[in-house]
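Right, one structure below, let's go through it.
Protein chains in written order, with my numbering: chain A, 12 to 344; chain B, 114 to 911.
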């Protein structure tokens with residue numbers, strides 16, 4: 012009789028577990044059969060009324076039945092939980108192409124980007140980066156660079172003068188070359204520097220000119236440095252910056268602060284040459300002006316425009332975009 | 114400097130070959146070809162025509178009807194947009210069917226209803242000069258009998274190659290056709306020589322007619338003169354005019370044209386006096402006296418200074434501004450028959466100073482400034498001038514007035530072969546160097562293993578008594594002739610590693626943080642308009658430019674604010690209402706004397722961040738971001754109601770390590786209105802020079818605790834006059850080592866909080882490095898913090 016009752020109870024429990032459609036219903040079923048006041052626990056209390064010889068077998072059967080029901084509950088719970096999670100996930104579906112409130116990054120100015128790249132290339136070639144003031148004296152901008160007051164080359168710089176002291180003695184630097192002088196005055200050779208920075212000329216702003224623009228200058232002072240080192244350094248820089256297929260050449264030119272002097276050209280994909288900048292072997296008088304013995308030390312210097320590289324790289328049709336600060340322009344790069 | 118191939122060939126017939134290749138050779142010599150033009154070609158169909166009649170176009174103002182005779186004697190109607198012709202003028206005329214040098218096809222067209230049967234041409238259109246204003250008038254140069262003939266025939270033109278060369282300031286010799294020919298012949302290895310310029314002379318002795326005295330030998334190294342009689346001032350032959358036009362000079366009259374021709378050909382500037390206006394033909398060369406005056410050829414009265422050179426007559430009155438411009442009183446005119454022809458060598462610095470002071474540049478003074486030839490070339494140019502003027506009937510007296518001053522020292526000087534090789538990076542032998550130098554006129558002697566080099570008189574630029582400079586100059590000449598291309602490329606190996614300075618690293622970090630924070634980098638120009646600084650509340654004491662391009666760009670900035678506000682206004686007017694901008698730029702503060710006793714502005718690098726549409730806390734947030742990234746010590750934001758240009762109740766000084774280093778907050782509404790900016794602008798400006806050169810970047814490791822932490826929220830009602838930073842500092846100090854994190858999580862004003870106070874709620878995290886905290890620990894800390902806040906900030910716990 013007892014055994015029949017147990018079997019029917021287990022059967023009913025199985026049926027109700029299978030029928031439980033959610034976790035709550037399952038918990039109810041669990042309480043009904045294996046909870047503290049559940050029916051199977053209730054049956055346990057009746058074990059005492061059995062004959063002692065029956066009691067042991069019945070107790071074993073009851074324990075097996077309880078463990079079997081508990082197992083069924085737990086299997087059913089795992090199933091229901093998995094399906095509930097699947098339902099939850101299905102309900103959370105998002106279209107990831109519906110994007111609002113985008114995270115906006117800002118943009119480095121094109122000239123900064125070009126300047127950083129140039130600095131990185133030269134740092135890789137063993138140079139440090141030197142800087143100097145934008146307002147200079149005639150000594151640093153001209154005289155120490157072997158451009159005396161009467162020199163015809165002075166006129167060609169189209170200098171913007173500053174109203175300080177005697178007329179034409181203080182100016183916005185018309186090139187980055189004064190940094191050469193300041194470096195050599197303060198540092199003993201060997202010297203390997205590049206000097207990027209803003210320079211100024213009385214050029215009215217138009218599509219290809221700005222009165223304030225950026226140059227980078229290189230200076231090497233060491234023992235036995237000559238034109239071959241200059242040509243090799245420029246070639247090496249150009250290949251790193253523009254690409255390995257780009258060729259370079261030097262053509263004789265004239266600058267008061269270098270002798271011999273040259274312009275340097277780079278090859279273009281169409282096979283033409285494009286003039287990039289000026290360079291040369293540092294003039295012995297420039298070395299002497301900075302207290303460096305031209306017998307012991309020789310060097311070279313070169314310089315070119317940074318803005319032009321940005322203009323060339325992105326084929327800008329108007330260089331004034333570089334100073335308009337229009338975010339529709341700035342945010343393109 | 115322009116040169117014609119045919120003209121070069123008169124000195125070196127061996128200069129021949131592909132025009133492009135010749136151009137490359139010139140460029141490789143340092144005579145960069147800026148433009149190469151094949152002249153006298155592609156002109157088939159262009160004929161000499163005569164203007165018969167001019168009449169207005171019935172339906173157009175900007176064109177007129179021209180009837181021309183293009184050779185058949187019949188009027189032919191064309192429409193023309195130029196109005197510089199008069200009836201009877203001879204012009205170049207493109208007939209129907211002509212293809213112009215620029216590729217345009219000439220056909221019969223109707224212009225506003227009127228038929229046009231060809232085109233009247235400007236000088237530019239047919240490659241005969243730079244003048245594109247109006248039709249080229251050939252009335253004075255062409256023969257009317259040749260109307261209808263091809264223009265090349267009518268003008269005696271031949272096909273030629275015109276090179277426009279960029280001649281560097283150190284090449285006096287290359288400012289002449291002969292000088293260019295000498296360089297090119299040398300590098301091509303072909304002979305160079307001067308044609309024979311000799312001319313018959315009369316029995317009259319020039320030295321008995323005129324005399325010259327040099328008072329200042331430093332000013333004038335050599336002065337020569339010849340006497341020319343029976344001079345007639347007329348028109349030059351067409352071939353000469355063609356060459357002058359090709360080289361960019363306008364034909365004037367036979368005397369001026371010969372003067373220019375000789376200068377272009379041989380590089381020797383020259384001057385002609387009307388001999389009859391020079392009493393006794395007596396001239397003196399001296400420096401001017403301060404305040405002395407001279408009316409120059411352009412009829413302007415020039416006031417002179419003692420550094421100017423003058424030529425005076427025997428009354429000691431200036432008659433010419435030496436090397437720069439002749440005087441009006443001795444000018445050659447149509448009536449002139451007797452001429453004193455002067456050729457001299459002037460001290461280049463002296464000429465340069467006068468040209469610059471009086472702003473009187475000319476073809477002649479340009480050559481003197483670079484250093485003309487004081488040697489045989491003067492005699493050669495004299496001969497050439499006399500030969501050319503002799504062809505028009507003038508007679509030349511014998512002899513030459515010749516006075517010497519001080520000329521540069523061209524005596525041979527030592528040059529070390531090894532030094533030249535290190536300067537160039539070559540391994541040339543003494544013999545190779547000698548060949549290169551001798552090919553362009555240097556005199557070279559072997560001197561042991563080295564050389565002794567004499568400079569030709571046409572290379573003033575190479576002369577110097579500075580031995581290292583001389584070797585550098587000689588190295589350039591050897592290098593040019595050897596070819597820069599032939600120098601092996603090497604890369605020097607410095608012993609030091611390349612690197613950025615800490616400052617440069619930090620500057621990049623600042624930029625990258627701002628880019629990450631969504632700001633775009635701007636680079637406005639540093640020039641401001643007068644008043645821009647006072648418009649942002651600063652004193653108008655910015656350093657001023659002497660020669661600004663524009664009055665609105667005449668002041669150097671002492672603040673980045675005006676530039677940023679202009680950038681915001683520009684963007685707002687282009688429908689970007691809320692740009693977030695930053696700039697790292699130089700400001701120019703009160704000038705100071707430097708080590709060289711020069712007065713230069715005190716330059717600082719400033720950082721500006723301008724956030725349009727944002728309120729002050731946005732700028733403070735950026736400051737805090739930078740403070741963390743750069744590990745700035747003790748950053749304080751001290752409210753201030755009198756920062757220039759700033760909102761009086763929404764701005765603060767930024768104090769770092771006890772020093773004011775900038776400002777943060779919002780721009781004053783009145784300033785925004787002045788610059789046309791809409792809405793609010795959050796603003797941060799920092800002195801990066803001071804900050805990055807000052808203490809920063811110091812960080813120390815603190816081990817992350819393995820023990821549990823405990824959080825606690827505390828809210829205080831704090832009077833408005835007490836800054837939240839003070840509350841924070843007080844909590845931090847009282848919390849001691851156990852307080853590991855502190856953040857402001859809420860602020861509240863209103864019901865429940867007294868008027869004049871606000872509630873500041875903080876979340877605190879406590880943690881010990883060595884143990885699990887007990888309730889006693891946290892209660893003790895809590896009590897200490899509350900007590901400290903109540904004591905130091907008058908705040909009360911809520």
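Positions of the beta carbon are idealized from the N, C-alpha and C atoms, including for glycine.
Residue-chain proximity (residue i, chain A), Cβ-Cβ < 7 Å
i: residue 134 of chain B; result: no
i: residue 589 of chain B; result: yes
i: residue 634 of chain B; result: yes
i: residue 641 of chain B; result: no
i: residue 604 of chain B; result: yes
i: residue 283 of chain B; result: yes
i: residue 814 of chain B; result: no
Best match in the options for proximity to residue i [C-alpha to C-alpha]
i: residue 296 of chain A; options: A:123, A:19, A:195; result: A:195
i: residue 757 of chain B; options: B:604, B:778, B:256; result: B:778
i: residue 912 of chain B; options: B:295, B:359, B:372, B:614; result: The question about residue 912 of chain B has no answer here: the residues shown for chain B are numbered 114 through 911.
i: residue 786 of chain B; options: B:370, B:274, B:685, B:910; result: B:685
i: residue 769 of chain B; options: B:745, B:344, B:763; result: B:745
i: residue 387 of chain B; options: B:346, B:644, B:625; result: B:346
i: residue 382 of chain B; options: B:352, B:447, B:478; result: B:478
i: residue 249 of chain A; options: A:106, A:34, A:55, A:135; result: A:135
Proximity of residue i and residue j at Cβ, strictly below 7 Å
i: residue 516 of chain B; j: residue 340 of chain B; result: no
i: residue 128 of chain B; j: residue 162 of chain B; result: no
i: residue 486 of chain B; j: residue 283 of chain B; result: no
i: residue 191 of chain B; j: residue 179 of chain B; result: yes
i: residue 209 of chain B; j: residue 230 of chain B; result: yes
i: residue 181 of chain B; j: residue 164 of chain B; result: yes
i: residue 208 of chain A; j: residue 187 of chain A; result: yes
i: residue 360 of chain B; j: residue 332 of chain B; result: no
i: residue 406 of chain B; j: residue 273 of chain B; result: no
i: residue 260 of chain A; j: residue 273 of chain A; result: no
Per DSSP, the bridge partner or partners of residue i
i: residue 458 of chain B; result: B:335
i: residue 526 of chain B; result: B:566
i: residue 310 of chain A; result: A:232
i: residue 861 of chain B; result: B:872
i: residue 161 of chain A; result: Partner(s): none; residue 161 of chain A has no beta bridge.
i: residue 573 of chain B; result: Paired residue(s): none; residue 573 of chain B is not in a bridge.
i: residue 721 of chain B; result: B:696, B:798
i: residue 824 of chain B; result: B:878
i: residue 222 of chain B; result: B:229
i: residue 272 of chain A; result: A:264, A:291
i: residue 612 of chain B; result: A:139
CB contact below 7 Å: residue i versus chain B
i: residue 123 of chain A; result: yes
i: residue 336 of chain A; result: yes
i: residue 212 of chain A; result: no
i: residue 313 of chain A; result: no
i: residue 325 of chain A; result: no
i: residue 249 of chain A; result: no
i: residue 82 of chain A; result: no
i: residue 229 of chain A; result: no
i: residue 279 of chain A; result: no
i: residue 118 of chain A; result: yes
i: residue 148 of chain A; result: yes
i: residue 68 of chain A; result: no
Ranges of the beta strand (DSSP E) found wholly within the stretch 356-444 of chain B, counting only runs of at least 3
384-387, 395-400, 406-408, 414-416, 422-425, 431-434
So within the stretch 156-232 of chain A, which uninterrupted beta strand (DSSP E) runs reach at least 3 residues, ignoring any that extend past its ends?
181-183, 202-211
Tell me the start and end of each unbroken alpha helix (DSSP H) in the stretch 487-541 of chain B that is at least 4 residues and wholly inside, in chain order.
489-503, 530-537
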